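Residue numbers (our numbering): 1 to 199.
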């Protein structure tokens, strides 16, 4: 067995300091009413913390680089800037890595050396054509999709309802116990990912 990448076992500074990211879906939403009713395909952009295994879900309105960057910045605004990211070799991720490096280079030229946004993100791409390397986030994608489908059922939904379903699924996934849960009421309750995120 090959050694784990260094990003997987470094001590994190905060939750989501070291993150794995992947896309799942599709999720179809309905816009408008009557004859003007249109369907749109959306995806879930899943960020999972490599230390706590907490999950953050964002809606991606496409599979292009811009959609990923928008989802990434929404995650950063809520969870903080990651120091390292693991992803597969999707073209949206490769393009985002290039654009983030260009942004950091522009900030360097402007001499904003003390800004947190100038701290470079180390991006680790898994081997191409090797989905077995993506287990860290593929299992979370499976759990997220299952939770979202349970919440939504077969209902026709709009974007706002999809966002609500994503946050509900995120709360459900992050409330799973990290250890065995005893049936004895005198035992302590096990820690969950929400304990690390919310205290």
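Idealized CB from N, CA, C, for every residue including glycine. These numbers were taken from a predicted model, which means no experiment stands behind them.
Quiz item: So, helix, strand or coil for residue 120, using DSSP?
Solution: coil
Quiz prompt | Per-residue DSSP class, three states only, for residue 14 | solution = coil
Exercise. Under 8 Å by Cβ, that's how I've got residue 169 and residue 50 pegged, so tell me the actual separation to the nearest angstrom.
Key: Wrong, their Cβ atoms sit about 20 Å apart, outside the cutoff.
Exercise. Determine the contact status of residue 82 and residue 144, defining contact as a CB-CB distance below 8 Å.
Key: no
Practice problem: From the DSSP output, in three-state form, read off residue 144 for me. | Solution: helix
Quiz item: Are the segment 29-41 and the segment 138-155 in contact at 8 Å, needing three or more beta carbon pairs?
Solution: no
Quiz item: Is it right to say residue 154 is buried, meaning 16 or more other beta carbons lie within 10 angstroms of its own, or is it exposed?
Solution: exposed
Quiz item: In terms of alpha-carbon separation, which member of 157, 62, 193 and 80 lies closest to residue 31?
Solution: 157
Quiz item: Under 8 Å, do residue 22 and residue 198 count as touching if we go by C-beta distance?
Solution: no
Exercise. Consult DSSP for residue 192 and reduce its assignment to one of helix, strand or coil.
Key: strand
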